[in-house]
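Have a look at the structure below before the remarks.
There are 2 protein chains.
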Amino acid sequence: MSTRSSSPTIVDVARQAGVSIKTVSRVLNQEPGVHEETRAEVLRVVKALRYRPKQSARSLAGGRSFLLGLLYYDPSAAFVGRVQQGATLHCREVGYHLVVESLHHDTRDLQEQVERMVMTLRPDGMILTPPLCDSREVLDALRESDTPFVQISPERDLPDAPSLRMDDIRAAEDMTNLLISLGHERIAFIKGAPDQIASAHRYQGYLDALRAHGLQPDAQLIQQGSFSFDTGREAAHQLLSRTLRPTAVFASNDDMALGVLAAAQRLGLSVPGDLSVAGFDDSPPAALVWPALTTVRQPVSEMASLAVDLLVRRRSDPAAEPVHRVLPFELVVRDSTAVRRRG
Amino acid sequence: MSTRSSSPTIVDVARQAGVSIKTVSRVLNQEPGVHEETRAEVLRVVKALRYRPKQSARSLAGGRSFLLGLLYYDPSAAFVGRVQQGATLHCREVGYHLVVESLHHDTRDLQEQVERMVMTLRPDGMILTPPLCDSREVLDALRESDTPFVQISPERDLPDAPSLRMDDIRAAEDMTNLLISLGHERIAFIKGAPDQIASAHRYQGYLDALRAHGLQPDAQLIQQGSFSFDTGREAAHQLLSRTLRPTAVFASNDDMALGVLAAAQRLGLSVPGDLSVAGFDDSPPAALVWPALTTVRQPVSEMASLAVDLLVRRRSDPAAEPVHRVLPFELVVRDSTAVRRRG
DNA sequence: CTGAAAGCGCTTACAG
DNA sequence: CTGAAAGCGCTTACAG
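Chains A and B, in that order, give the protein sequences.
Counting from 511, one number per residue, gives the positions in the first sequence under my numbering.
Counting from 511, one number per residue, gives the positions in the second sequence under my numbering.
See the structure below:
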């Protein structure tokens with residue numbers, strides 16, 4: 511019923527500007543070799559008509575979709591949410607759009623799911639987050655369809671794809687150094703899931719810092735967790751029930767650190783008075799609990815932005831050697847850590 | 511360098527199946543009027559060739575993009591994350607894809623942002639979450655571009671768009687009833703941000719439940735918050751410092767309830783021993799804190815699925831009267847609430 | 001039940 | 001610096 515005329519096309523613009531559609535196309539795509547006056551006139555008409563090139567047409571003709579895909583598994587993961595945020599914002603800046611695809615990690619047809627998505631949508635690239643970025647099925651589907659992708663925080667780098675990560679070892683080392691500088695010597699550590707390389711790296715950083723300060727790692731103070739709240743709480747319960755308690759606990763992610771907080775509370779220990787607690791990730795709850803958690807912030811937005819850039823730029827230079835970058839992290843010192851109480 | 515032949519098109523399928531491309535198109539779009547044998551043969555070839563129709567071509571020719579947009583403002587909001595999850599999963603089932611667009615609520619050019627997104631991408635519909643679903647600029651941009659949209663939990667319903675929401679009044683009433691059934695009579699309430707209709711509704715439900723049980727609302731027990739952790743903590747501090755303390759606090763969202771937990775802990779009150787605490791939303795931290803929070807779960811996945819359905823179906827019946835549905839919620843009883851301790 | 005033709009709105013070679 | 005032509009891979013009327 512709308513009396514609104516249908517959207518203007520490139521033909522309308524060309525006609526009004528008195529040029530060919532090819533010239534309009536040139537201006538829109540910022541190609542060189544257009545007379546400045548011509549360019550200005552075209553732009554004027556574009557603005558006057560509120561003309562927007564239609565993606566489906568550009569896509570069909572030009573062979574690129576201006577779509578980037580974000581593949582993820584665990585939707586609740588704060589990490590993915592922040593990747594997405596960084597990616598959408600940067601996508602807008604470069605004229606792309608982000609399509610999100612949530613996968614069931616356990617399903618049989620992971621490869622089929624990815625393949626179908628990629629073949630119908632033809633995204634110009636995919637952004638992969640853990641644990642999917644290390645899934646053979648996902649990678650195979652992407653390779654088979656010639657879809658460029660970048661891995662964010664993968665278990666291991668690939669020769670044929672760029673990756674972006676932070677230095678887990680160094681971050682854990684810095685956090686441990688912080689605790690040491692606060693006077694702590696009996697610093698417990700709760701390890702993460704054994705099958706994730708980040709667990710080993712963070713543990714490594716912890717050990718490095720202790721050794722650099724001449725402190726002996728104490729097996730009694732090292733517990734195995736699996737990155738969950740419950741394992742953190744149980745590990746802390748073990749650690750804190752001993753007569754000779756640690757004065758600080760470094761949990762290798764925030765969920766476990768929250769578990770430590772809960773255990774301390776249960777046992778009537780005050781944090782940070784009786785016990786300092788540090789986490790890793792800077793998840794949303796970290797800032798919401800009491801006391802607010804000291805933790806490590808990963809450079810997630812930067813990784814996401816860079817991922818978008820790498821994918822978009824890849825078009826101009828498809829044969830470029832894939833980069834593997836390590837980005838700087840940040841220690842977020844809040845209220846759960848304090849100078850060790852003497853006596 | 512790849513020796514891989516380019517993807518098969520509808521022409522390849524038609525040739526191999528010995529039919530016209532029109533017939534292939536009919537089969538793919540499940541149109542009636544194709545001989546069963548012909549249909550089977552086409553499907554066989556489709557499968558053999560691993561043929562997938564290209565979205566950009568379908569989109570350009572058919573005038574629909576198979577893309578749905580999710581517009582949101584606050585990325586960290588757990589609510590939006592769950593909407594997204596529900597939407598992507600259902601999108602896959604119906605052959606659509608979800609494009610996410612994060613907006614800056616405060617920017618001047620909200621309308622311009624939305625208009626640009628919609629005009630280039632031409633999504634077949636948009637899913638709007640609070641607070642954007644009530645933004646005049648967003649709505650105007652959508653209407654002007656003839657883009658169908660559905661509102662999830664809007665402040666108020668619109669005559670020209672479907673909306674999906676839960677019954678806030680009833681949910682708050684049920685939660686209050688739960689506390690009353692546990693023996694509580696001095697039940698405090700922390701209100702949410704005054705500019706959101708949900709705040710008024712939840713407060714209303716609280717009052718309704720009290721009155722139904724012959725309990726007088728006590729102004730001393732009612733505090734104003736604004737849905738943030740800090741306002742929850744402050745309000746709780748006020749409430750719990752009095753000589754005649756409440757035995758239960760109903761915070762009208764989880765973030766504030768977490769603040770109540772923090773305040774109680776600070777004052778040395780045990781939850782739920784000395785104090786029962788209830789929240790609203792079932793945000794991720796709600797299950798992670800100690801004690802785990804009793805709260806209300808909104809039917810978010812259902813709203814998201816329905817939103818997708820409404821948008822997809824709208825194509826077949828664009829003139830249909832927009833529906834305004836109220837979906838059932840769920841009380842999630844965890845560890846922060848208990849029978850009132852006597853004496 | 002099936003098909004030939006036209007067209008969606010752009011970009012890609014190719015000319016000049 | 002600029003343009004005419006062809007084509008991307010589908011769907012939409014329109015026929016029969």
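Glycine included, each C-beta is placed from N, C-alpha and C at the ideal position.
Query	Result
Within 9 Å, strictly: CB atoms of A:D819 and A:Q808	no
Chain B within 9 Å of A:M629, Cβ atoms only	yes
Contact list for B:T598 against chain A, beta-carbon separation under 7 Å	V610, E611, S612
9 Å Cβ cutoff, B:R514 in contact with chain A	Only weak support is given to the placement of B:R514: the predicted model assigns it a pLDDT of 42, under 50, and the value that follows is read from those uncertain coordinates. Yes - at least one Cβ of chain A is within 9 Å of the one on B:R514.
Closer than 9 Å to chain A by CB, B:H607	yes
Residues near A:P756 in its chain [Cβ-Cβ closer than 7 Å; skip 5 each side]	R696, I697, A698, L731, L749
Neighbour-count burial assignment, B:T533, 16 or more Cβ in a 10 Å radius	buried
Backbone CA spacing between B:D740 and B:A788 [nearest angstrom]	16 Å
Neighbour-count burial assignment, A:N763, 16 or more Cβ in a 10 Å radius	buried
Chain A within 9 Å of B:D765, Cβ atoms only	yes
CB contact below 9 Å: B:A830 versus chain A	no
Option nearest B:S811 by Cα separation, candidates B:S530, B:A597, B:I520, B:S575	B:A597
CB contact check: A:R835 to chain B, cutoff 9 Å	no
Cβ contact check for the stretch 649-668 of chain B and the stretch 716-730 of chain B: 3 or more pairs under 8 Å	no
Buried/exposed call for A:T805, threshold 16 Cβ in 10 Å	buried
Spatial neighbours of A:M629 in its chain, beta-carbon cut-off 7 Å, leaving aside the 5 residues before and after	S655
C-alpha distance - B:S535 paired with B:R560, whole-angstrom precision	15 Å
Beta strand (DSSP E) segment containing A:Y582, residue limits	577-582
Contact check, B:S786 vs B:A758, beta carbons under 9 Å	yes
Minimum Cβ-Cβ distance from B:R602 to chain A less than 9 Å	yes
Neighbour flag for B:S569 against chain A, beta carbons, 9 Å	yes
Backbone CA spacing between A:R525 and B:R823 [nearest angstrom]	38 Å
Same chain, Cβ closer than 6 Å to B:V590, five either side skipped, listed in chain order	Y582, T639
B:E654 in three-state terms, based on DSSP	helix
A:Q595 versus B:A681: straight-line alpha-carbon distance, rounded	31 Å
Beta-carbon gap between A:G702 and A:S736 smaller than 9 Å	yes
Members of the stretch 750-774 of chain B near chain A, C-beta cut-off 9 Å	D765, L768, G769, L771, A772, A773
Collapsed DSSP secondary structure at A:G635 in the structure displayed	strand
Start and end residues, alpha helix (DSSP H) containing B:S673	Premise fails: B:S673 lies in the beta strand (DSSP E), 673-676, not in any alpha helix (DSSP H).
Identified DSSP bridge partners for A:K532	Its beta-bridge partners do not exist; DSSP assigns none.
Contact with chain B by A:V799, beta-carbon distance below 9 Å	yes
Interface flag, A:K557 vs chain B, CB-CB below 9 Å	no
Residue-level contact to chain B via CB, A:F739, 9 Å cutoff	yes
Beta carbon of A:H723 nearer than 9 Å to that of A:N687	yes
Cβ-based burial, A:Q733 [other Cβ within 10 Å; buried from 16]	buried
Contact check, B:L837 vs B:M676, beta carbons under 9 Å	yes
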